[in-house]
Every structure is written in C-alpha cells, then in structure tokens.
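> If you read the protein sequences in the order shown, they are chains A and B.
The end of the first sequence is residue 584 by our numbering, with every number in the run present.
The end of the second sequence is residue 1220 by our numbering, with every number in the run present.
Virtual Cβ for every residue (Gly too), placed ideally from N, Cα, C.
These numbers were taken from a predicted model, which means no experiment stands behind them.
Have a look at the structure that comes next, please.
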Amino acid sequence: MTNLKPVDVAIIGGGWTGLLMAKELTARTSQSVAVFERGIPRRLQDYAVTMDELDYNIRLRMMQSTAEETITHRHSLKDSAVPVRQHGSFHPGTGVGGAGEHWGGASFRFLPDVFTLRTHLTQKHGASKLPEDLSVQDWGITYDELEPLYWKAEQLMGISGKAGNLRGQKIDGGNIFEGQRQHEYPTPPLKHSYASSMFAEAVRRLGYHPYPTPAANLSESYKNPDGVTRAGCAYCGHCQRYGCMIGAKAQPTNTLMPVLANRKNFQLRTQSWVRRIVHKDGRATGIQFTDARGEEFFQPAATVVLASFTLNNTRLLALSKIGTPYDPATRKGTLGRNLTHQVGGNTRVFFDKPLNAFMGAGELGSRISDFDGDIGFTGAEDGLLRLGMVALGSTGDAPIGSFGAMPAGESKSNWGSEWKKAALKWKDHSASIGLSGEHLAYRQNYVDLDPTYTDKFGDPLLRFTLNWTDHEFKQREFAARLQQKIAREMGARFEERLPARDRYNVINYQSTHIQGGAMMGTSPDSSVVNRYLQHWDMPNLFVVGASAFPQNAAPNPTLTVLALTYWASDAMIDRYFKHPEKLI
Amino acid sequence: MKRREFLTVPAAAVGGTLLYTLAGEPVRLQAQTGTVKVPLRFFTAEEARIVSAACARIFPSDESGPGANEANVVIYIDRQLAGPYGRDKYRYTKGPFVESYPEHGYQGKDNPRDTYRAGIKTLGDFTSLSPADQDAKLRSIEKTHFFQLLRTHTIEGMFSDPMHGGNAGLIGWQLVGYPGPTMSYRDEIDKHFGQPWRPKPRSLEQIAGRRGNPWEDEQG
C-alpha cells in the first residue's frame, strides 16, 4: 500500500455529483480537491463514432461491467439471492461522467409534498390508514429551500422546458401542478415529434394538461453561468445509453469538466477503484483505492465526499463498516433502508400512419401530471396513495430494438415468414404511453452485503431485497386505464387488458433510478445522513446522491440530485470548513 | 493451431449491389454473380452452414423481402461469438450457479460460445432437411436458451451496422426504411407528420468518415 500526499477533500466518484461538488468547492474555497473515478476518461470526441445500436444500446458498452461488480437480488427474506449476471432493470454507468454521460436528460423538479411525504400522507389519511409496512419519511428539507438550487441546476444544464407555475401564476402549456418556480426555464422546449404531438392533442381534448418534458437535451445553443456553451439538439435519437456527439445533452464531461480542467486545486484520478473509506475514532482519515494495475494506495484526506452511484454509496459505507446496517426484522439500524426504484408500466399503441420514429431526442415528449402525487384523486381509488406522470416520448427508435412490435394476434410465432411479414407491416407504426410512477418505501425493501457473491476483488456484492407490493399493482392498473383512455382518444390500436401482477424482474429495463440506502432525515435513529448530507456518525464524511432519497418521487431524480449537491456544498462552504464538526 | 475455416457466401451479399428505392423494396441493381470466401473467426465451416440455414428459417428470404442469407447474418454471429461477448468477458460469471425464478434471467455457466457449440449439435443434419422439417426442428427447441440466443442474434445481424458483419449492403435497413445513424434531423423532426420519410440509408463509417470501433474486435 502506497501512501499519497494528503489532500483536503477526497471525492469518491466522477459523475454528476462528485464533479459538481468539486466544481463548487474549487471555485469558492482554496481546498485541494481530488476526485477518484473507477472508470476511464471520457471526452466529447469519443462519441462521434458511437452511434451504434448494437454495441451501445444492446450490449451496453458504456455501463459498468457486471463481470467486475454487480448486485444480487431476492424478492423476500425467505429467498436466497442470485446475481444479476447481465444488466437488466437498471444501468449503472462507469467512467468520467458516470451515468450522467448516457442518461436521457429528463430534468424534473419534485412536487413540494414529496419532501414531507410522511407528514402529508398522515395528515391526509390518518396514520392508521397507511399500510403497516410503509416506511416513507420526510426528507428534512423543503421544496422552498431547494427552489433556488433547482434553478441553479437548471441553469447549469440549460434545461429546455416551459414553466407552468411562475411565482404562483399558472401558465397554460407548462406543468400547472408543479411547485412555484421563480424563473422560466433557461431554454424553450424541444420540438414535437408526430407521435408526441398526437399525444398532446389527445390529452388536451380529454381535459388534461400536457406539457413538454423538461430536458437537458438543449432546444437551442446555450451558454451557462460558468461560460460553458453547448449546441442545440440535432434530434439524432442517440441519447439514452449513448454519449452525445455534439454536446447538446448536458453531461458532466461537457458541462463540468471544461470548468474543472482549469482549476489548480483540482485533480482527477481515473481507473482508481475506491475500496474502503478509512476511519479512526469516528472520523474519516482518507480512502483506500486500487488502480488499473492492481496497486493499492492510501489517500489521506481531511474530508471525504462519497458521491458514487446510489448502490455504491451504500455498499462502500457497509464495506467500510460505517453506520449500522438495517435489520428489517427489528427495524433497527439505518444503512440500507428504504430501497426504492421507479414504477413503470407501458401501453403499446399502434397507428395506421408511419411515425418516422427514428428521429427523436432523449426526452423529447409530452406528458401530464394531472395524477402526479395524489393530484386528481377523487377518493374512490381504493388504497391508491400516490401515482405519477403519464407520457409519450420520442427517443429515437432503433432498428433492432423496435423490430417486431405488432398488435397482439398478428402472428402466432415470433419467428418465420408470417412473423416477418407482420413485423414489416407494423414497423414504424408504434409508440408507447408510459408511466413514471412514485415508488413508496417499505420496511422489507432494503440493501445489505451479500453473504455469498463477491466482486472482482473478492469484496461482497450489494444484495437487493426488493419486490413490488399491492400499491404498485394498483398504480399500474390505474395508469393502464388512463393510458388506454388516451390511446382510444388518439385513435390508436392497443390491447385492452390490465398489466400482470408480476414480481420484480431484473431482466427488463425499467429505469436507472435507484434510490435510498443512505437516506437523509431529521434523526440519526431513522436516517444515515443529516439534512446537509453529512454522516450522522462521522462529521467529515458527506454522502451525496440519490442514496439520500428517503423514497422515490415519480419523476427522474437527476435534477434533484444536483440541487441536493448544491445544498450540501453550500453547507460545507458556508459552515463546515470553518468548523469541521457536526452541522447539527 | 486451429485451421482457418472459410464460409462461401454469395458475392452480392458482400458487394453492396442492392439499390435502395423509395418504395422500400430493395431491388437488385447488378446481377453480381459468383461467390466469395469469408474467413470465419469462431465457427467451423460446417457449423456456419447449419447456423446459416437456421437463421434463414427465423428470418426467411421470401415474398416480403430479403432475409438472413442476403444480410450475412451468420458472419455477424461468428464475429460476436469470437469477441468479448462470446466468451462472457463482461458478464458476471462467478459461482455458485443456481437455478432461480425466470425474473432473474439466464443464470447458467455456459457462455454464448458454449451454448452455440452444444446447440448446433442438437440440430444434427439440419442442412439436409426440407424447409418444413427445419421449421419443425426449430419449433421443438424454441424454448431453449440456444434458440432464444439464435433468434435474438438473427435480428441483430439483420439490423446492426454493417461494421459488425451483418446487414450486408445495408439490406436490413433498406427493408425497414431506417436511414442509419444520422448527424441531424433538426430540420425534419417536426415535418412529414403522417407521411413516410425514408432517406437513403448510410452506415456509421459513411457518415463519420472513418471506421467504427466494433466491440467484437477488442483484443484481450
């Protein structure tokens, strides 16, 4: 083990959170900051020849290698977990920029009641009416506190969208159900596709309120407050699972790295796999990592920021024996609690006319929030506490993935002449109306270290214990009825049936929005980090990312992750560095 | 040392002799005749002939258009199996290997190469069967991991960028009217509503002006 020269701040993970934290700290303090990223460097010019569906969309060439590290999954405490041998239900990234390189670009604010969900549900329904196993919590922070930081994050990326609630004024064409915002979006919405325009018109006729998905895929060229200029989107349809070859989609490499590259108090070490946070007497003393050649290093640091993907944040705390692992039987312990994903569910719709669906952008689309949170509920929805957004996106259909979509009953087989003929008849005639649903937290859904399976170094993998509950089935059924109503209004063909009540499945992609494990909160008895994302037990350790979410909200998490990173960095800069002790 | 094996394929399939038409019907422009020999990276010539025949039943050449044979799907599969994918370089392959729920996906130890080697044997004298008997044979193994891989790979070989060895002459993209990777649709995205817009397909190499970097060529 080689000891390196001490730094003031060691940041684990070179994605959105780690690099944004580095940008803030190096701009506003003289702290020396070193970021440790396990993957390789990534640059804009790398992406020119990566518009390849096979290697990137199907073989997932940008993702973390499951051969090196994966997770294990079981549905309940009674089962034994097996490894997720190939990525399926979510896609952890690797390399500089992390999953922020290959994300779609959806950039939502959460509804204000999301941040005080336990209080909200208790007031609305009464504690006795909530499911016994429900473990949702308040965040310890409010929407109003985050609002200026949401705006900072929107400016950083130049989010394209349309405000629906500007200082209390409801604006048609935006999301009128959103929390109050002080500013219009930095750039106007993306253009419509044929399919998304049909969706918007149909839901409007039904009396709902369509709005364009707020997107980090720029609708026009934009210069952010750091002076970084990016081009407008070309609608090439290669966003999610790809890096953007023109930099129109905000990614850490095109938004943060240009600024950080000139900072003297910043260094980035790639192919440096952090294995442990080293600590003594309740304080972190630094980090231990292994480089590409297998050499081990100790990097002493006065402060450690754990800013890797949700899963690795929790796993590294567990491997480093920081905090108390959660025990679902006794409900004692906090580390690993409240694992949530996102509740999806699609209705495939078929049209008489072709859609030219190969054109698109990561978050080109139209959606409604008329049933987000518990908006629009009449009280007749039996046991349904929260729903989410329903949307149609045109992300750019690619020929392998989209081949074979056809209405039910068009072909008996899924190969051979009859199938081929039907697939060719229906090619480019279908789209999907999706659900982005809030996933509530339950006492039985959590993560811990697997007792059997290990990573490439021999360290235990993270184990998911996760299954869907009755509430998620109700959400999907409600959403399916709504989607079918919209499909009918669009004049589309669709299958009139409710979704199966299937168990959690690790094969089919759902979203890369995994939350919880190192949640924030108001008490060390029920959370891992305080409202400033400072570890309750270790004042010089901050744990940043969606691991801090007590539960998922319906929308995608990135914008909230960035706003929280600003929130934590403000607390560090304004208070912590002056007196590096407990902030609460 | 392994003896180098070759597969003989119709020259037309590798010669880019198919002309695109707006109707989406590929039409043979030149009657390029004869055959060419393509070196195989993984299969023996006999294995390649069996796989090729099976792919041609999964995605047949028929009245609805060309199929796996014209696209050189077998060349695609051969290269995938020879590369990192074929030997599970990026799949989690630590034990113990246990059967689990279908929701946990393929949990087996065999990599795609092993699965093909064993699967091809189960097809026996496949190339000598009539098309109807070939279909019956495939129908009988439809639920196997091997068949599911074969079906998936056939579609991939039809429609992936030609740098991967299939989709010869962009025939798959012509068949479905996919223009290939395109730098910009900025001026097109909100036009052509309800009308088919089918620009002439181009490969990644054609639009980027340099060769791509297919994963199957990765060494080590």
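Under the assumption that lysine 249 (chain A) contacts asparagine 217 (chain A) (Cβ atoms under 8 angstroms), give the Cβ distance between them as a whole number of angstroms.
5 angstroms
> Should proline 1199 (chain B) be flagged as near chain A, meaning a C-beta pair shorter than 7 angstroms?
no
> Which stretch, first to last residue, makes up the alpha helix (DSSP H) that contains threonine 1127 (chain B)?
No alpha helix (DSSP H) holds threonine 1127 (chain B); DSSP gives it neither H nor E.
> Distance, Cα to Cα, serine 523 (chain A) vs alanine 398 (chain A)?
48 angstroms
> Is valine 1073 (chain B) close to chain A? Criterion is C-beta to C-beta, closer than 7 angstroms.
no
> For the beta strand (DSSP E) holding glycine 437 (chain A), just list the boundary residues, first then last.
430-437
> Tell me which residue opens and which closes the beta strand (DSSP E) that aspartate 291 (chain A) is part of.
283-291
> If you measure from the beta carbon of proline 354 (chain A) to each beta carbon in chain B, is any gap under 7 angstroms?
yes
> Spatial neighbours of isoleucine 40 (chain A) within its chain, please: CB distance less than 7 angstroms, with the 5 preceding and 5 following residues excluded, ordered by chain position.
Excluding residues within five positions, the ones whose Cβ falls inside 7 angstroms are Gly95, Thr270, Gln271.
> For isoleucine 259 (chain A), which three-state DSSP category applies?
Correcting the residue identity first, residue 259 (chain A) is valine in this sequence and not isoleucine. Helix at valine 259 (chain A).
> Could you compute how far the alpha carbon of lysine 1137 (chain B) sits from the alpha carbon of serine 417 (chain A)?
16 angstroms
> How about threonine 1144 (chain B) and arginine 1049 (chain B): do their beta carbons lie closer than 7 angstroms?
no
> Along the segment 1175-1199 of chain B, what residues have a CB closer than 8 angstroms to any CB found in chain A?
Within the segment 1175-1199 of chain B, the residues whose Cβ lies closer than 8 angstroms to some Cβ of chain A are Leu1175, Val1176, Gly1177, Tyr1178, Pro1179, Pro1181, Thr1182, Met1183, Ser1184, Tyr1185, Arg1186, Glu1188, Ile1189, Asp1190, His1192, Phe1193, Gly1194, Gln1195, Pro1196, Trp1197, listed in chain order.
> Taking C-beta to C-beta, are proline 1181 (chain B) and isoleucine 1207 (chain B) nearer than 7 angstroms?
yes
> For asparagine 1111 (chain B), decide whether its Cβ has a neighbour in chain A, counting only Cβ atoms nearer than 7 angstroms.
no
> Would the beta-carbon of arginine 497 (chain A) fall within 7 angstroms of that of phenylalanine 473 (chain A)?
Taking 7 angstroms as the Cβ cut-off, arginine 497 (chain A) and phenylalanine 473 (chain A) do not qualify as a contacting pair.
> Where do the ends of the alpha helix (DSSP H) carrying threonine 314 (chain A) lie?
Where threonine 314 (chain A) is concerned, the enclosing alpha helix (DSSP H) stretches over 310-319.
> Pull up the distance between the alpha-carbon of arginine 331 (chain A) and that of tryptophan 139 (chain A), whole angstroms please.
19 angstroms
> Are the beta-carbon atoms of threonine 469 (chain A) and tyrosine 446 (chain A) separated by less than 7 angstroms?
Contact annotation: threonine 469 (chain A) and tyrosine 446 (chain A) have beta-carbon atoms that are not nearer than 7 angstroms.
> Establish whether the CB of valine 1027 (chain B) and some CB of chain A are separated by less than 7 angstroms.
Residue confidence for valine 1027 (chain B) is low, a pLDDT of 42 falling below 50, so the modelled location carries little weight; the figure read from the coordinates is stated next. No, because no Cβ of chain A sits closer than 7 angstroms to the Cβ of valine 1027 (chain B).
> Can you check whether the C-beta of methionine 359 (chain A) is within less than 7 angstroms of a C-beta belonging to chain B?
yes
> Is there contact between the segment 205-224 of chain A and the segment 155-170 of chain A, where contact requires at least three CB pairs shorter than 8 angstroms?
yes
> Could you please give me the residues that DSSP links to proline 212 (chain A) through a beta bridge?
A:Ser366
> Following the continuous beta strand (DSSP E) through tryptophan 273 (chain A), name the residue where it begins and the one where it ends.
272-280
> Can you give me the C-alpha to C-alpha distance between proline 499 (chain A) and glutamate 1103 (chain B), rounded to a whole angstrom?
Using only the alpha carbons, I get a separation of about 16 angstroms.
> Please list the terminal residues of the continuous alpha helix (DSSP H) segment that includes phenylalanine 1147 (chain B).
1145-1159
> Suppose you measure from the CA of leucine 339 (chain A) to the CA of leucine 134 (chain A); what does that come to, to the nearest Å?
12 angstroms
> Tyrosine 1178 (chain B) by DSSP, collapsed to three states: which one?
coil
> Answer yes or no: does any C-beta atom of chain A fall closer than 7 angstroms to that of isoleucine 1145 (chain B)?
According to the sequence displayed, residue 1145 (chain B) carries histidine and not isoleucine. Residue-level contact check: histidine 1145 (chain B) does not touch chain A, since none of the beta carbons of chain A fall below 7 angstroms from its beta carbon.
> Mind listing the chain A neighbours of threonine 1093 (chain B)? Cutoff is C-beta to C-beta under 8 angstroms, in chain order.
Ala67, Arg85
> Arginine 985 (chain B): buried (16+ other C-beta within 10 angstroms of its C-beta) or exposed?
Any property of residue 985 (chain B) remains undetermined from this structure, which presents chain B solely from 1001 to 1220.
> Under 8 angstroms between beta-carbons, which chain B residues line up against glutamate 581 (chain A)? List them in chain order, please.
Neighbours of glutamate 581 (chain A) in chain B, taken as residues at a C-beta separation under 8 angstroms, are lacking, since the least C-beta distance is about 42 angstroms.
> Can you find a C-beta in chain A that's less than 7 angstroms from the C-beta of isoleucine 1050 (chain B)?
no
> Would you check if there are 3 or more beta carbon pairs closer than 8 angstroms linking the segment 305-325 of chain A to the segment 427-445 of chain A?
With fewer than three CB-CB distances shorter than 8 angstroms, the segment 305-325 of chain A does not count as touching the segment 427-445 of chain A.
> Can valine 136 (chain A) and arginine 118 (chain A) be called in contact, C-beta distance under 7 angstroms?
Yes, these two residues count as a Cβ contact at 7 angstroms.
> So isoleucine 1155 (chain B) contacts chain A; which residues on that side make the cut at Cβ distance below 8 angstroms?
Ile400, Phe403, Gly404
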